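Input: a single structure, listed below in structure tokens.
Chains as they are written, first to last, in our numbering: chain A, 1382 to 1725; chain B, 1382 to 1725.
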């Protein structure tokens, strides 16, 4: 079918999706009967544009490359904020890729809520709304007969939530263990090669894996959010951020890493959520894994999830956890899942 | 929705599914709105029974446990062969789990063909029909607006075909490398621990991983069939068995394994299919992998597939490749996918 898309936010991830959509338009139509027009884009920095009949996306990308404001796009409604864009545009599907506070969910939470309330499908890579109100949002989506998907919130486009929900459907998952933060895994990998923590962090920052303020990664806050998401979606729990005990990697020394290596172990920052007699229990903390553990061989910025299931025992998926194209793609796979659901 | 199921074949795999269906009936209804009656079973050894209003599956399992022929099931039509059962029963979905000749596809191929032609959905773990005529069968299914799914033909219930087709939708997959045969991987694992090939094979036979005649596994024929399946489904190729160059593990000596280990390598039987300028090229052969290769750490009877994709780079899935419950489950996940497609 043909989707009318609105990008709410148009930063790295949104542009990552846009590039794929432009490049693969013909193939997506032929292979999946998936077609689209982008009717609106609203971004805090780049400006806002809405055109009922659709935007010329190659022109949009040119303007973005040249640092021209989207408010200058000709013959179009310009300057609408995200909420206005969601409410006033004729989009049937909102791509929510702004930013979010993991404690409150805002402002992404308002965008997702408004879009679902308007009867639009939503695909989003923002963790805040899922961490804070996933049950309510999914109920609203169901009530309005639309879809809300967020594969990219965990492991970017590597199959994670969709893997658990779709290709492991019918299995009961009793535990998920994972390496869900590439920055810390990269740092630990470099430390095993002999680098001090500070040097490894700097290297990660140089490569764009870590931000200028690395707290969210190295203190395990990013992993904590992803653990809440896995707990409250795949595992059916109802946790808040603070319910997940959290310990980062900042106390791990080069000495610890060396010692573990000599003993045949390897330190990894492990996110874990499991079903217990008292409900879902989750934590994020560094663990010393034996070398034959399915997560021990996952090196560099790569991520992985290990599912303990009733029918299959352990199933592990390994793939990228971040990146412009990888996260942009997660939105495409969610759009294709909606397309497949609506096509039957 | 409520499915009317016919089991064509009721050996280990069929019984594996039946046990899951019995155990999870309530949960499947509640969680997925999936309900079922088994209306027919036709098995060469166990007999054949058809009851329009549905069979008491606990009674069926009791009879099987007591070695009573299903032809003795009271108040039912008995003695129909597979084709009669498919044609005459009121089943809307056929679970095809008989046996198959990989060279010709028979007799499973006739069952799948007949069922799709009758307008029934088909789920099957038999490789023969997929190896020989997957394109024709999928065309027939599409023409009759029904589904033909076969997740269990590769990696049992571990997400493999469904992972590539559904959760990696929108990615172009340029290469798949995998460990798709548990028997040979188990033997190579034991050889690395110091066992001679013959001893490791005996051990595999004791544990039920290898058959009395292990040719199909150790000569790579099983892996060859799975490689054709991946080539012709996920990769869009059109190969026959003989198009896949094949070399088994029988020429690998304990000395080779030791030598590789000393050099930091590990022998694995690798199935590989890739897109080239000349089309899809595929082969099965032992390869010496460096220890940091994503498939090097996959030990014992465990299987794995590594996908090279455009948007995500490499994605790897690791899980069981065989087993009564694991393969039985593959049929359930296919049934749930059909259910989800029909529910929208």
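Note that beta-carbon positions come from the ideal geometry of N, C-alpha and C, so glycine has one too. Treat the numbers as computed from the prediction; the structure is a model and nothing was measured.
Reduced DSSP category for residue i - H, G, I as helix; E, B as strand; rest coil
| i | result |
| --- | --- |
| residue 1673/A | coil |
| residue 1633/A | coil |
| residue 1406/A | helix |
| residue 1687/B | strand |
| residue 1428/A | strand |
| residue 1338/B | The displayed coordinates of chain B run from 1382 to 1725. Any statement about residue 1338/B would go beyond what the structure contains. |
| residue 1458/B | strand |
| residue 1463/B | helix |
| residue 1471/B | coil |
| residue 1510/A | helix |
| residue 1521/A | helix |
| residue 1623/B | helix |
| residue 1726/B | Nothing can be reported for residue 1726/B, as the shown portion of chain B is limited to 1382 through 1725. |
| residue 1479/B | coil |
| residue 1418/A | strand |
| residue 1664/B | strand |
| residue 1650/B | strand |
| residue 1385/A | strand |
| residue 1435/B | coil |
| residue 1656/A | strand |
| residue 1694/A | strand |
| residue 1700/A | strand |
| residue 1679/A | coil |
| residue 1450/A | coil |
Residue environment, residue i, which counts as buried when at least 16 other CB atoms sit within 10 Å
| i | result |
| --- | --- |
| residue 1480/B | exposed |
| residue 1575/B | exposed |
| residue 1641/A | buried |
| residue 1526/B | exposed |
| residue 1536/A | buried |
| residue 1562/A | buried |
| residue 1462/B | exposed |
| residue 1494/A | buried |
| residue 1382/B | exposed |
| residue 1497/A | buried |
| residue 1446/A | exposed |
| residue 1594/A | exposed |
| residue 1455/A | exposed |
| residue 1508/A | buried |
| residue 1434/A | exposed |
| residue 1542/B | buried |
| residue 1619/B | exposed |
Cβ of residue i within 7 Å of any chain A Cβ
| i | result |
| --- | --- |
| residue 1511/B | no |
| residue 1701/B | yes |
| residue 1564/B | no |
| residue 1539/B | yes |
| residue 1710/B | yes |
| residue 1707/B | yes |
| residue 1714/B | yes |
| residue 1720/B | no |
| residue 1698/B | yes |
| residue 1402/B | no |
| residue 1502/B | no |
| residue 1492/B | no |
| residue 1620/B | no |
| residue 1544/B | yes |
Short CB-CB distance (under 7 Å) between residue i and chain B
| i | result |
| --- | --- |
| residue 1646/A | no |
| residue 1547/A | yes |
| residue 1693/A | yes |
| residue 1678/A | yes |
| residue 1717/A | yes |
**Asked** Can you list, in chain order, the residues of the segment 1550-1584 of chain A whose Cβ is nearer than 9 Å to any Cβ on chain B?
**Response** 1550, 1551, 1552 and 1553
**Request:** Check distances from the C-beta atoms of the segment 1406-1427 of chain B to those of chain A and list, in chain order, the residues that come in under 9 Å.
**Result:** 1408, 1409, 1412, 1413 and 1415
**Message:** Extract the residue ranges of the beta strand (DSSP E) inside the segment 1524-1604 of chain A, only unbroken runs of 3 or more that lie entirely within it.
**Reply:** 1554-1560
**Message:** Against chain A, which members of the segment 1647-1671 of chain B pass a CB distance test of less than 7 Å?
**Reply:** none
**Message:** What are the residues in the segment 1469-1491 of chain B lying within 8 Å of chain A by C-beta distance?
**Reply:** none
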